[in-house]
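To keep things clear, I will list the structure first and then write my remarks on it.
Numbering (full-length UniProt numbering), first residue to last: 1 to 750.
Given below as structure tokens:
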């Protein structure tokens, strides 16, 4: 329906009047000498009179502004009244009906931005498990890409998604974004927690939908979310935004006094009951509504007694339906069927539903029409739709988009308080850009985004005091080592992968296509997203180390293959050496081959034979003998029991230690001294260094890394590494006192 021409005319006249008055006011009080000459007499004695005139003119401007605002409000109400109750296939809340009932994409009235640019927008999302935690990141990226407002995300999560998303947002550090978490387990069974006196239960509702019990959580939001939160946009994780979410938030202003829920009509025939013989859906108003995108006026719902309303409706319908087929959507529709006045019909472009056999194509004629895309089919990106390639490319754009680019400030709005961000900013400001080692120090302070448990991880740490996890890190060029390591090591593995957003998706496809990797559920993959010019090797090691669940860890590198059976051998050694009662680091001797194809030795005897024949070598004997010489390979050849060795300068063995061992020093990035410094600190903490007599690992050949090439070619690189070493020695002395002096003395004697 077109806007009233009378209201539009009044608005136009008021705007012109305001413009004229503002022009006179500017000339009257402005700084232009010519304006003063024309309007103001030069007599100083007339100054009071001019002040009175100025005030009167300013008062008139204010009155006209108020009238203008009232007319704009009337105009907005006229638009809203024209949209409510009309079918949403042919027109939006802003669009009118073209002659003959045809859809028109031309708005009858100019769009008004109803949301202040600094208004905080609230978004609620239910997210559970590893896969949904990946999906929600793409949704968040699409929102952040378009947004111009501060945002507050409310996540209802299980323990897995909570850990993943909390770490991700803390490390992402996006300005003007706040995140809150709510325990989904409390909502299942009705546990009380501070946000409310009691919680609705949903675990009693049988649900056939693949979302399981988490597909019912949106029913509980009036109780789950803070009681002072009046409205919220609720989204499924399989949503992609193609516009600023503030446009959707502005629709709240169009609700009538009775409307409490904003929904888009369902675009499939599900609720019409004609999909197959004897198909009996839950009751719905017409085609029903899809709950992938919901606008909830929480304060009104609470006053209406929403919890009791949906519960009584569900109990009544379940007597005949026995279970829900589409989770919360069935119950929402049953409630709306009973009281249609509750719903505000959103234009269908706010939820373009890409499941099979939908009428989604009637929601748009041009790209500019699209607002929200909903991948609501179990097939997801493989769904059938005429324009699915376009939608898929839009989704993939955000899937692989560099999330670091979304860390942008909202100018003109006060940022939400963020102590970690403030502390980091202060540290960055204290850096000296003229320092020759500025790039190294800047990399050390870089805040990398971290996505823990990127793939499904189901290993449950048993109460086994001797269990051990293999810990390593890698980048995209070492992916080929993963399958081989999984074949050699049956125990749990924790890996930190340094990748871009696009590379992380390549890795995901690689892992899902691999029979070896997809069969393992005890391998934890943690993505650390690329940023900066150096490889943050010790940060990666710390991420992998911090997210292990076993009492002991085997600290290795991705280029090494452990001997067959090493997992069982290490657990037995930990028990026999009574490691839980002592502070010790077990050394696994390292060897290497220069051949890409190797018949891997099945025993120590075979390895010694290959060593004698020259097909294997002690690790780095020809380029860096100091790194592993203290292992005493000559003694190892005949050893039958573990033996103790002393620390020596530049010693960097691969060890098995307790999980609570010292962290790696993250100032060392790129190549050089990253493991040496760690072993030095183990020795400073008085760890025994014990060499295992029947354990070994073999380094497989690969092309030199970019960082080692920089080390070899750049004198400045080597000079900065020396500076960092000296600073590490000073820090070690401060922490361990006189005991650490031997390290500095040993360094100077070399």
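Virtual Cβ for every residue (Gly too), placed ideally from N, Cα, C.
For residue i, the nearest candidate out of the options (CA to CA)
i: residue 584; options: 114, 726, 685, 715; result: 685
i: residue 390; options: 722, 456, 240, 259; result: 240
i: residue 525; options: 350, 531, 540, 532; result: 540
i: residue 244; options: 340, 144, 427, 446; result: 144
i: residue 554; options: 661, 153, 129; result: 661
i: residue 177; options: 410, 188, 272; result: 410
i: residue 628; options: 647, 566, 184, 221; result: 647
i: residue 569; options: 695, 560, 544; result: 695
i: residue 296; options: 119, 338, 229; result: 229
i: residue 338; options: 328, 355, 354, 312; result: 312
i: residue 260; options: 287, 575, 303, 140; result: 303
i: residue 323; options: 433, 208, 300; result: 208
i: residue 332; options: 442, 370, 220; result: 220
i: residue 388; options: 423, 738, 374; result: 374
i: residue 223; options: 666, 298, 736, 181; result: 298
i: residue 658; options: 357, 578, 644; result: 578
i: residue 487; options: 286, 567, 534; result: 567
i: residue 436; options: 121, 715, 742, 731; result: 715
Pairwise C-alpha distance: residue j and residue i
i: residue 293; j: residue 235; result: 5 Å
i: residue 269; j: residue 281; result: 10 Å
i: residue 205; j: residue 156; result: 18 Å
i: residue 734; j: residue 624; result: 29 Å
i: residue 168; j: residue 132; result: 14 Å
i: residue 724; j: residue 431; result: 15 Å
i: residue 197; j: residue 521; result: With a pLDDT of 42 at residue 197, under the threshold of 50, the modelled position of that residue is not reliable, and the figure given next carries that caveat. Each residue's Cα considered, the two are about 39 Å apart.
i: residue 557; j: residue 485; result: 11 Å
i: residue 346; j: residue 153; result: 22 Å
i: residue 591; j: residue 673; result: 20 Å
i: residue 289; j: residue 329; result: 8 Å
i: residue 272; j: residue 213; result: 25 Å
i: residue 402; j: residue 502; result: 8 Å
i: residue 456; j: residue 638; result: 43 Å
i: residue 147; j: residue 232; result: 16 Å
i: residue 617; j: residue 480; result: 23 Å
i: residue 680; j: residue 650; result: 8 Å
i: residue 668; j: residue 255; result: 57 Å
i: residue 117; j: residue 142; result: 18 Å
i: residue 573; j: residue 586; result: 9 Å
i: residue 619; j: residue 711; result: 20 Å
i: residue 596; j: residue 656; result: 27 Å
Beta-bridge pairing of residue i - partner residues as DSSP gives them
i: residue 127; result: 157
i: residue 645; result: According to DSSP, residue 645 bridges with nothing at all.
i: residue 262; result: 295, 344
i: residue 590; result: 697
i: residue 475; result: 498
Where residue i sits in the DSSP three-state scheme
i: residue 148; result: coil
i: residue 279; result: coil
i: residue 526; result: strand
i: residue 490; result: coil
i: residue 563; result: coil
i: residue 253; result: helix
i: residue 614; result: coil
i: residue 480; result: coil
i: residue 623; result: coil
i: residue 164; result: helix
i: residue 289; result: strand
i: residue 217; result: helix
i: residue 106; result: The predicted position of residue 106 is uncertain, since its pLDDT is 39 and thus under 50; no value can be drawn from it.
i: residue 451; result: strand
i: residue 373; result: strand
i: residue 404; result: helix
Residue i Cβ short of 7 Å to the ligand NAP heavy atom set
i: residue 123; result: Although the ligand NAP was asked about, the structure shown includes no ligands whatsoever.
Check whether residue i and residue j have beta carbons under 8 Å apart
i: residue 751; j: residue 352; result: This structure cannot settle anything about residue 751, because the visible part of the chain is limited to 1 through 750.
i: residue 348; j: residue 251; result: no
i: residue 523; j: residue 697; result: no
i: residue 175; j: residue 407; result: yes
i: residue 473; j: residue 495; result: yes
i: residue 171; j: residue 441; result: no
i: residue 700; j: residue 561; result: yes
i: residue 469; j: residue 548; result: yes
i: residue 601; j: residue 641; result: no
i: residue 158; j: residue 237; result: no
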